[in-house]
Amino acid sequence: MVDSEANSPTWKFTQCFGDKGDVEDITEGMSSPLAFSKASSSTSYSNRYACSGTADIISTVEFDHTGNYLATGDKGGRVVLFERNETKKTCEYKFHTEFQSHEPEFDYLKSLEIEEKINKIKWCRRQNASHYLLSTNDKTIKLWKVFEKSLKVVAENNLSHDVTPGSIAGGGGAPKPLPAHQFKNAADLKLPRLTHHDTVVAAVPRRTYANAHAYHINSISVNSDGETFISSDDLRINLWNLNIQDQSFNIVDIKPANMEELTEVITAAEFHPMSCNWFMYASSKGTIKLADMRESALCDQHAKLFEQEEDPSSRSFFSEIISSISDVRFSHDGRYILSRDYLTVKIWDINMERQPVKTIPIHEHLRPRLCDTYENDSIFDKFEVVFSGDAKNVMTGSYNNNFMIYPSDPDKEVEVVLQADKSAFKAKKVGVPTPINSSTSPTATNGKKGGSRAGSPGGQGQRMRKETDADQIDFNKKILHMSWHPFEDSIAIAATNNLFVFSAL
1 MVDSEANSPT WKFTQCFGDK GDVEDITEGM SSPLAFSKAS SSTSYSNRYA
51 CSGTADIIST VEFDHTGNYL ATGDKGGRVV LFERNETKKT CEYKFHTEFQ
101 SHEPEFDYLK SLEIEEKINK IKWCRRQNAS HYLLSTNDKT IKLWKVFEKS
151 LKVVAENNLS HDVTPGSIAG GGGAPKPLPA HQFKNAADLK LPRLTHHDTV
201 VAAVPRRTYA NAHAYHINSI SVNSDGETFI SSDDLRINLW NLNIQDQSFN
251 IVDIKPANME ELTEVITAAE FHPMSCNWFM YASSKGTIKL ADMRESALCD
301 QHAKLFEQEE DPSSRSFFSE IISSISDVRF SHDGRYILSR DYLTVKIWDI
351 NMERQPVKTI PIHEHLRPRL CDTYENDSIF DKFEVVFSGD AKNVMTGSYN
401 NNFMIYPSDP DKEVEVVLQA DKSAFKAKKV GVPTPINSST SPTATNGKKG
451 GSRAGSPGGQ GQRMRKETDA DQIDFNKKIL HMSWHPFEDS IAIAATNNLF
501 VFSAL
């Protein structure tokens with residue numbers, strides 16, 4: 001994994017699945033057909049998506065537990081799976097299969113349209129030759145089985161030798177008349193013989209978990225026991241058994257008796273990766289609550305509360321909005337918690353509630369421009385954040401199609417800035433550690449962490465840097481969704497309708 005600055009490898013663009021030529025011109029308001037292109041080749045594959053508009057904008061990305069498979073969901077309700085290309089030395093992927101997971105629906109009781117957009121995809125741990133994964137839109141969760149299916153055709157039957165060559169080839173030749181003595185007894189009859197014709201990848205829905213959420217589903221998380229999962233909406237968290245689709249248990253309910261008294265909503269939830277009784281959920285107030293299902297059936301009373309008190313002198317009209325947590329993750333060993341709000345990324349030790357072990361400034365340069373981000377709704381963007389497999393690094397996204405990698409070590413104040421757009425095609429080495437600018441970092445002192453070294457690939461001084469001039473920021477180009485390979489330094493980034501893969505050398 002990525003280590004200290006001195007020994008850090010350089011990040012390299014590996015692949016792009018999408019229309020290579022139009023990456024810079026695509027925003028959330030428009031898209032182009034999805035094709036497949038690679039860094040090492042200009043080969044393009046046929047369009048897998050026959051739609052236009054925003055339907056093929058990627059809305060979620062997820063590696064499986066092995067890293068050999070990668071899933072994406074889009075606004076058109078489709079799930080696309082990629083498998084690792086074992087013929088390549090680097091971490092590259094190839095198309096595996098795609099299927100329509102959700103269709104648009106209409107709630108006649110509430111007169112609301114339910115869009116087909118895939119909000120989340122979660123892989124179930126593989127137990128046999130088939131893959132199982134959960135996908136959800138705003139209201140309905142589905143369990144999909146993906147497997148290789150052998151297609152067989154009849155190669156020989158009782159009439160095979162009486163069929164003319166013309167009819168075998170589809171030429172329409174007339175069959176020969178049957179001899180009168182052909183079938184005199186049962187011994188003359190034989191069973192049709194089947195032969196293998198082709199192998200296809202099939203996807204079938206095994207369970208549909210519906211009608212359990214009154215509000216939009218924002219999170220799903222599979223438990224480490226392999227039998228249960230949780231689903232979360234704005235006010236409730238439900239516990240499901242994977243094998244039971246018509247029954248769930250409400251384990252968190254923060255809905256007040258009077259909705260006018262509502263002060264916070266649930267924004268994200270996740271199971272602990274090791275302990276099947278622990279789960280956490282984050283709120284719009286900037287709090288993270290850790291709950292233990294062994295304590296009570298309804299886990300409204302948390303076991304631990306992770307919250308950083310706000311400085312009263314810095315409170316403003318936007319304080320509540322920017323403190324809302326958009327994503328929360330456990331490290332793979334369950335020791336650390338990672339959270340993302342609009343301005344910062346915070347890393348918490350599960351054993352220390354009073355303050356985060358590290359706070360990383362992401363959008364500090366936008367603090368003076370919060371009024372502008374409020375007017376264009378960018379302040380409500382929900383950026384995801386992920387740990388590396390060894391929890392030594394974290395990654396999150398920003399605007400101008402930038403995304404950043406930071407060490408989780410509190411003593412290291414560096415960042416790697418990468419860009420998921422056309423510039424990635426041109427540079428072989430695009431990401432190297434840079435000291436975080438002292439003017440935007442609250443942890444830098446005396447300016448010793450500021451500045452940037454020259455002579456490295458990308459950006460000023462040939463080094464990639466995060467754009468901090470608010471006037472130069474394109475709020476329509478943003479990296480919201482990403483995933484990190486569980487064992488390697490390879491990352492998958494969704495940039496509108498394009499999927500980028502980067503790897504560390």
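Under the UniProt record's numbering, the first residue of the sequence shown is numbered 1, with each subsequent residue one higher. Every residue gets a Cβ at the ideal spot worked out from N, C-alpha and C, and that includes glycine. Given the structure is predicted, the values throughout are model-derived calculations rather than measurements.
Of the residues 253, 105, 282, 112, which one's Cα is nearest the Cα of residue 325? Within the sequence shown, residue 325 is the residue found at index 325, counting from 1. Of 253, 105, 282, 112, the residue nearest in Cα terms is 282.
By how many angstroms is the C-alpha of residue 285 removed from the C-alpha of residue 320? Counting from 1 along the sequence shown, the entry for residue 320 is found at position 320. Counting from 1 along the sequence shown, the entry for residue 285 is found at position 285. Whole-angstrom Cα-Cα distance: 6 Å.
Would you mind giving the Cβ-Cβ distance between residue 253 and residue 300, rounded to the nearest angstrom? I have them listed as a contact below 8 Å. Indexing the sequence shown from 1 puts residue 253 at position 253. Indexing the sequence shown from 1 puts residue 300 at position 300. That pair is a contact at about 7 Å.
Considering Cα atoms alone, identify which of 312, 383, 407 is closest to residue 396. Taking the first residue of the sequence shown as 1, we reach residue 396 at position 396. Checking every option, the nearest Cα to that of residue 396 belongs to 383.
Where in the stretch 220–271 do unbroken runs of the beta strand (DSSP E), each at least 3 residues long, occur, reported from the N-terminal end onward? 228–232, 236–241, 248–253, 266–271
Who pairs with residue 195 in a beta bridge, going by DSSP? Within the sequence shown, the letter at position 195 stands for residue 195. For residue 195, which the question treats as bridged, DSSP gives the partners 153.
Unbroken beta strand (DSSP E) run spanning residue 415, endpoints: Locating residue 415 in the sequence shown gives position 415, counting from the first residue. Per DSSP, residue 415 belongs to the beta strand (DSSP E) from 414–419.
Could you say which of 86, 342, 120 lies nearest to residue 364 if we only look at CA atoms? Indexing the sequence shown from 1 puts residue 364 at position 364. The candidate whose alpha carbon is nearest that of residue 364 is 342.
Using C-beta distances below 6 Å, list every residue in its chain close to residue 122, excluding the 5 sequence neighbours before and after it, in chain order. In the sequence shown, the residue the question calls residue 122 occupies position 122. Closer than 6 Å at the Cβ level, and outside the excluded window around residue 122, lie 134, 220, 222.
To the nearest angstrom, how far is it from the Cα of residue 478 to the Cα of residue 205? Counting from one through the sequence shown, the residue named residue 478 turns up at place 478. Counting from one through the sequence shown, the residue named residue 205 turns up at place 205. Computed Cα separation, rounded: 32 Å.
Classification of residue 210 by the beta-carbon crowding that lies within 10 angstroms, buried from 16 upward: Taking the first residue of the sequence shown as position 1, residue 210 is located at position 210. Flag for residue 210 reads exposed.
C-beta contact flag for residue 527 and residue 78 at 9 Å: With the chain represented from 1 up to 505, any question about residue 527 goes unanswered, as that position is not in the structure.
What do you reckon, are the CB atoms on residue 295 and residue 303 nearer than 9 Å? For this step, residue 295 is matched to residue 295 along the sequence shown. For this step, residue 303 is matched to residue 303 along the sequence shown. Cβ distance < 9 Å, so residue 295 and residue 303 count as in contact.
Under 8 Å Cβ to Cβ from residue 391, same chain only, skipping five residues before and after it: list those, please. Translated into positions along the sequence shown, residue 391 becomes position 391. Once the five neighbours on either side are set aside, the close Cβ partners of residue 391 are 331, 332, 333, 335, 336, 408.
Report the partner residues of residue 481 according to the DSSP bridge assignment. The residue labelled residue 481 in the question sits at position 481 within the sequence shown. DSSP output for residue 481 lists 494 as bridge partner(s).
Put residue 301 into one of helix, strand or coil per three-state DSSP. Start at 1 with the first residue of the sequence shown, and residue 301 comes out as number 301. If DSSP states are grouped into helix, strand and coil, residue 301 belongs with coil.
Suppose you measure from the CA of residue 38 to the CA of residue 483; what does that come to, to the nearest Å? Counting from 1 along the sequence shown, the entry for residue 38 is found at position 38. Counting from 1 along the sequence shown, the entry for residue 483 is found at position 483. The pLDDT assigned to residue 38 is 41, lower than 50, so where the model puts this residue is not dependable; a value taken from the coordinates is nonetheless given after this. Rounded to the nearest angstrom, the two C-alpha atoms are 19 Å apart.
Assumed close pair residue 194, residue 154 - CB separation to whole angstroms, cut-off 8 Å: Sequence index remark: in the sequence shown, residue 194 carries index 194 (1-based). Sequence index remark: in the sequence shown, residue 154 carries index 154 (1-based). With a Cβ gap of about 6 Å, residue 194 and residue 154 count as contacting.
Residue 373 versus 322, 406, 276, 403, residue with shortest Cα-Cα distance: Here residue 373 is taken as the residue at index 373 of the sequence shown, counted from 1. It is 322 whose Cα lies nearest to the Cα of residue 373.
I'd like the span of the beta strand (DSSP E) that includes residue 132, first residue to last. Locating residue 132 in the sequence shown gives position 132, counting from the first residue. Per DSSP, residue 132 belongs to the beta strand (DSSP E) from 131–136.
Residues near residue 405 by beta carbon distance below 6 Å, same chain, minus five either side: Here the question's residue 405 lines up with position 405 in the sequence shown. So the list reads 393, 395, 416, once near-sequence residues are dropped.
Residue 98 - containing alpha helix (DSSP H), residue span: Sequence index remark: in the sequence shown, residue 98 carries index 98 (1-based). Run containing residue 98: none in the alpha helix (DSSP H); it sits in the beta strand (DSSP E), 93–100.
Could you give the distance in angstroms between the alpha-carbon of residue 251 and the alpha-carbon of residue 262? Here residue 251 refers to the residue found at position 251 of the sequence shown. Here residue 262 refers to the residue found at position 262 of the sequence shown. Each residue's Cα considered, the two are about 19 Å apart.
Length of the line joining the Cα atoms of residue 504 and residue 433: What you label residue 504 is simply residue 504 of the sequence shown in a count that begins at 1. What you label residue 433 is simply residue 433 of the sequence shown in a count that begins at 1. Each residue's Cα considered, the two are about 12 Å apart.
Count the other C-beta atoms from every protein chain shown that fall within 10 angstroms of the C-beta of residue 472, then say buried if there are 16 or more, exposed otherwise. Here residue 472 refers to the residue found at position 472 of the sequence shown. By the neighbour-count rule (16 or more Cβ atoms within 10 Å), residue 472 is not buried but exposed.
So who's on the other strand from residue 307, going by DSSP bridges? Position 307 of the sequence shown holds residue 307. BP columns for residue 307 are empty, so no partner.
Taking residue 237 as the reference, which of 244, 345, 216 has the closest Cα? If you number the sequence shown from 1, residue 237 lands on position 237. The shortest Cα separation from residue 237 among 244, 345, 216 belongs to 216.
From which residue to which residue does the alpha helix (DSSP H) around residue 322 run? Residue numbering aside, residue 322 sits at position 322 when the sequence shown is read from its first letter. Counting along the chain, the alpha helix (DSSP H) containing residue 322 begins and ends at 319–323.
Identify which residue in 94, 228, 138 has its Cα closest to the Cα of residue 113. Translated into the one-based positions of the sequence shown, residue 113 becomes position 113. With distances taken between Cα atoms, residue 113 lies closest to 138.
Please check if any C-beta of chain B sits within less than 9 Å of the C-beta of residue 275. Chain labels in this structure do not include chain B; a single protein chain is all it has.
State buried or exposed for residue 91, treating a residue as buried only when at least 16 other CB atoms are found within 10 Å of its CB. Counting from one through the sequence shown, the residue named residue 91 turns up at place 91. Answer is buried; the Cβ neighbour count reaches 16.
Can you give me the start and stop residues for the beta strand (DSSP E) that residue 292 sits inside? What you label residue 292 is simply residue 292 of the sequence shown in a count that begins at 1. Note, residue 292: beta strand (DSSP E), 288–292.
With DSSP as the reference, label residue 435 as helix, strand or coil. Here residue 435 corresponds to residue number 435 of the sequence shown, with the count starting at 1. Residue state, collapsed to three classes: strand.
Whose CA, out of 362, 76, 346, 227, lies closest to the CA of residue 116? Residue 116 sits at position 116 when you count from the first residue of the sequence shown. Out of 362, 76, 346, 227, 76 has the C-alpha closest to the C-alpha of residue 116.
DSSP three-state assignment for residue 142, whether helix, strand or coil: Counted from its first residue, the sequence shown places residue 142 at position 142. Here residue 142 sits in strand by DSSP.
Of the residues 201, 421, 73, the one placed nearest residue 130, counting alpha carbons only: As a working mapping, residue 130 is identified with position 130 in the sequence shown. Selected option, being the one with the closest Cα: 201.
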